[in-house]
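Before any comments, here is the structure.
Residue numbers (the working numbering), protein chains in the order written: chain E, 515 to 752; chain W, 33 to 321.
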């Protein structure tokens with residue numbers, strides 16, 4: 515048994531180790547590149563939902579309703595096919611006949627970023643609620659501008675409060691990247707599927723795929739714990 | 033606006049001025065002008081409404097009785113399959129979650145350890161990978177499964193989907209239940225012990241009802257998440273709402289296939305959310321002051 519399995523997982527021409535490793539790198543890089551988009555958009559949506567301006571509140575609420583209600587896989591398909599069809603139609607309208615193809619990585623980044631933003635806005639809103647109004651009032655009394663208040667007074671406290679929730683969303687994002695394999699991204703799951711089909715060892719390779727995800731989750735859980743401790747270090751423990 | 037200022041000046045009119053300062057009415061609230069936030073908000077709302085109008089216009093323009101007659105029943109069938117899958121899985125998962133949660137709460141490592149491993153596995157790996165593991169992975173063991181007489185079960189994508197989803201949601205529901213049971217104050221257990229109630233009766237009649245009230249909201253979220261996640265069974269050839277949608281798209285190459293699915297999914301989730309609010313309001317009416 516041992517002799518059958520080990521060469522399959524080795525690196526090199528016969529083994530699938532290097533393909534799986536590349537899959538893992540692709541999974542992590544997709545999640546990492548989605549993060550800035552999702553965080554920025556999520557923060558803006560949270561600001562919109564807290565705004566006094568009704569039109570902003572309406573737009574932000576509509577955003578979260580849509581992207582929290584749609585299945586992630588459907589969002590992915592809507593972006594992947596919708597953008598291709600929409601762009602082709604737009605180009606045809608101005609007289610360019612061409613087939614637009616967007617890459618699976620980009621489609622995954624946009625779709626997962628939108629979903630992440632919708633959930634992150636909830637996390638940010640509850641973090642905002644955890645910061646006393648006195649903070650911004652005091653800052654205003656000191657004559658500090660609104661932008662500086664947000665940047666130097668509110669945000670440092672906000673991220674400490676939002677970190678546990680954002681950490682959870684990060685782990686969910688990491689797992690959701692597996693969906694992008696359906697539209698052809700060579701991530702962990704797709705590489706395992708290929709290996710399973712070629713070697714006829716489906717149980718082995720899907721177990722290994724699960725194991726890699728599990729290891730990634732555990733590593734990031736530890737990292738998030740470290741980050742939380744770092745953010746908490748200014749806090750007096752009672 | 034002017035009515036309130038008249039009212040407030042009348043109220044303060046008869047009072048002597050304090051420290052020589054004449055009492056004045058509160059200033060009028062600042063009028064809603066065209067602030068930057070307002071302009072931006074209107075612009076964003078306009079873009080949103082524009083996109084929605086465009087999608088609506090698109091759906092109306094491509095609407096054909098032909099498409100509806102041909103594919104409408106497929107959508108309804110898919111919708112029913114999705115609801116059935118989620119309903120059965122949530123039910124089985126709920127039954128499995130109770131012993132799991134109790135094992136997680138137990139101080140005995142022999143119970144606690146395996147339960148922790150179970151929840152870590154199902155919460156730490158993507159549902160789609162778990163589904164592949166069961167459908168393709170166990171499917172590769174067909175000779176072994178045939179010999180123990182379980183092949184009929186793991187041969188069908190539909191059974192595999194129910195199997196995986198039940199195990200998956202059981203892990204999440206166990207965590208919800210564990211958290212909820214821990215919120216019940218210890219005094220409840222002590223009081224019930226003092227009244228001579230057995231441990232099982234205490235759990236069934238005192239702890240569990242209070243815990244389930246706390247767990248109601250997370251349970252609702254879990255069902256919504258499961259409805260959304262159920263779309264992935266389309267990949268293993270189950271014709272749920274997403275599966276039927278993919279079929280329709282592959283036949284018609286018509287993008288409206290996905291838009292109808294989106295509307296249906298949004299509708300299910302929104303209806304469920306409303307129903308859950310009503311249910312929660314009703315079940316917690318004795319807690320309202």
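Built from N, CA and C at the ideal position, the CB exists for glycine as well.
Review point. Which residue from W:298, W:306 and W:310 puts its Cα closest to that of residue 111 (chain W)?
Key: Among W:298, W:306 and W:310, the Cα nearest to that of residue 111 (chain W) is on W:298.
Practice item. State the start and end residues of the unbroken alpha helix (DSSP H) segment that holds residue 653 (chain E). Key: Taken as a continuous stretch (DSSP letters only), the alpha helix (DSSP H) holding residue 653 (chain E) covers 647 to 655.
**Study point:** Three-state secondary structure (DSSP) of residue 744 (chain E)
**Key:** For residue 744 (chain E), the secondary structure class from DSSP, reduced to helix, strand or coil, is helix.
Point to revise | Best match in E:557, E:576, E:548 and E:590 for proximity to residue 264 (chain W) [C-alpha to C-alpha] | key: E:590
Review point. Which whole-angstrom value is the C-beta distance of residue 694 (chain E) and residue 701 (chain E), which I expect to be below 8 Å?
Key: 6 Å
Point to revise | residue 301 (chain W): contacting residues in chain E (beta-carbon distance under 7 Å) | key: 583
Practice item. To the nearest angstrom, report how far apart residue 727 (chain E) and residue 543 (chain E) are at their CA atoms. Key: Per the coordinates, the alpha-carbon of residue 727 (chain E) lies some 14 Å from the alpha-carbon of residue 543 (chain E).
Practice item. Please list, in chain order, all residues of the same chain as residue 698 (chain E) whose beta carbon is under 7 Å from its beta carbon, the five residues on each side excluded. Key: Contacts found: 618.
Exercise for review: Tell me whether residue 300 (chain W) sits in a helix, a strand or coil according to DSSP, three-state version.
Suggested key: helix
Point to revise | residue 34 (chain W) burial status per 10 Å Cβ neighbour count (16 or more: buried) | key: Note that residue 34 (chain W) scores 42 on pLDDT, short of 50, meaning its location in the model is unreliable and no value can be drawn from it.
**Study point:** Beta-carbon gap between residue 569 (chain E) and residue 73 (chain W) smaller than 8 Å
**Key:** yes
Review point. Does the distance from the CB of residue 132 (chain W) to the CB of residue 147 (chain W) come in under 8 Å?
Key: yes
Practice item. Quick one: give me the first and last residue of the alpha helix (DSSP H) that residue 220 (chain W) is part of. Key: Run containing residue 220 (chain W): 218 to 226, per the alpha helix (DSSP H) assignment.
Point to revise | Below-8 Å beta-carbon distance, residue 731 (chain E) vs any chain W residue | key: yes
Check your understanding: Where do the N-terminal and C-terminal ends of the alpha helix (DSSP H) with residue 246 (chain W) fall, by residue?
Key -> For residue 246 (chain W), the enclosing alpha helix (DSSP H) starts and ends at 240 to 261.
Point to revise | Beta-carbon proximity of residue 632 (chain E) to residue 577 (chain E), cut-off 8 Å | key: Less than 8 Å divides the Cβ of residue 632 (chain E) from the Cβ of residue 577 (chain E).
Review point. Relative to chain W, which residues along the segment 591 to 605 of chain E have a C-beta separation below 9 Å, given in chain order?
Key: From the segment 591 to 605 of chain E, only 591, 592, 595, 596, 599 and 600 have a Cβ closer than 9 Å to chain W.
Check your understanding: In chain order, what residues of the segment 562 to 581 of chain E put their CB closer than 9 Å to some CB of chain W?
Key -> 562, 565, 566, 567, 568, 569, 570, 571, 572, 573, 574, 576, 577, 579 and 580: these are the residues of the segment 562 to 581 of chain E whose beta carbon lies less than 9 Å from some beta carbon of chain W, given in chain order.
**Study point:** Under 7 Å by beta carbon: chain W residues contacting residue 489 (chain E)
**Key:** An answer regarding residue 489 (chain E) cannot be provided, because it is not within the stretch 515 to 752 covered by chain E.
Review point. For residue 249 (chain W), which option in W:98, W:309, W:172 and W:129 has the closest C-alpha, if you only look at C-alpha atoms?
Key: W:309
Point to revise | Reduced DSSP category for residue 640 (chain E) - H, G, I as helix; E, B as strand; rest coil | key: Here DSSP, grouped into helix, strand and coil, assigns residue 640 (chain E) to helix.
Check your understanding: Which ranges does the alpha helix (DSSP H) cover as unbroken runs of at least 4 residues, wholly within the segment 66 to 122 of chain W, from first to last along the chain?
Key -> Runs of the alpha helix (DSSP H) inside the segment 66 to 122 of chain W: 68 to 94.
Check your understanding: How about residue 152 (chain W) and residue 689 (chain E): do their beta carbons lie closer than 8 Å?
Key -> No, the Cβ-Cβ distance between residue 152 (chain W) and residue 689 (chain E) is not below 8 Å.
Review point. Which word fits residue 36 (chain W), buried or exposed, when buried means at least 16 other C-beta atoms lie within 10 angstroms of its C-beta?
Key: At residue 36 (chain W), the pLDDT of 44 sits below 50, so the modelled position is not reliable; the number obtained from the coordinates is stated separately. With fewer than 16 other Cβ atoms within 10 Å, it is exposed.
Review point. To which residues of the same chain is residue 167 (chain W) closer than 7 Å at the C-beta, ignoring the five residues directly before and after it?
Key: 189, 192 and 268
Practice item. Report all residues from its chain with a CB closer than 6 Å to the CB of residue 676 (chain E); omit the five preceding and five following residues, and keep chain order. Key: 637, 638 and 641
Review point. What residues from the segment 125 to 157 of chain W come within 7 Å of chain E, judged by C-beta to C-beta, listed N to C?
Key: Those residues of the segment 125 to 157 of chain W placed with their C-beta closer than 7 Å to a C-beta in chain E are 153, 156 and 157, ordered along the chain.
Check your understanding: Taking all protein chains shown into account, do 16 or more other C-beta atoms lie within 10 angstroms of the C-beta of residue 301 (chain W), making it buried, or fewer, making it exposed?
Key -> Residue 301 (chain W) counts as buried, since no fewer than 16 other beta carbons sit within 10 angstroms of its beta carbon.
Check your understanding: Could one say the Cβ of residue 22 (chain W) lies closer than 8 Å to chain E's Cβ atoms, at least one of them?
Key -> Residue 22 (chain W) lies beyond the stretch modelled for chain W, which goes from 33 to 321, so this question has no answer here.
Check your understanding: Using Cβ-Cβ distances below 9 Å, what residues of the segment 685 to 710 of chain E are close to chain W?
Key -> 685, 688, 689, 690, 691, 692, 693, 695, 696, 702, 703, 706, 707 and 710
Check your understanding: Would you call residue 318 (chain W) buried or exposed, if buried means 16 or more other Cβ atoms sit within 10 Å of its Cβ?
Key -> The residue is exposed, with fewer than 16 neighbouring Cβ atoms inside 10 Å.
Point to revise | Minimum Cβ-Cβ distance from residue 287 (chain W) to chain E less than 8 Å | key: yes
Practice item. Since I believe residue 563 (chain E) is in contact with residue 575 (chain E) (beta carbons under 8 Å), could you give me their beta-carbon distance rounded to a whole number of angstroms? Key: Under the criterion of beta carbons closer than 8 Å, residue 575 (chain E) and residue 563 (chain E) qualify as touching, at roughly 6 Å.
**Study point:** Closest Cα partner of residue 571 (chain E) within the set W:92, W:70, W:86 and W:84
**Key:** W:70
Practice item. With a threshold of 16 other CB atoms inside 10 Å of the CB of residue 287 (chain W), please say whether the residue is buried or exposed. Key: buried
Check your understanding: So, is the C-beta of residue 739 (chain E) closer than 8 Å to a C-beta in chain W?
Key -> no
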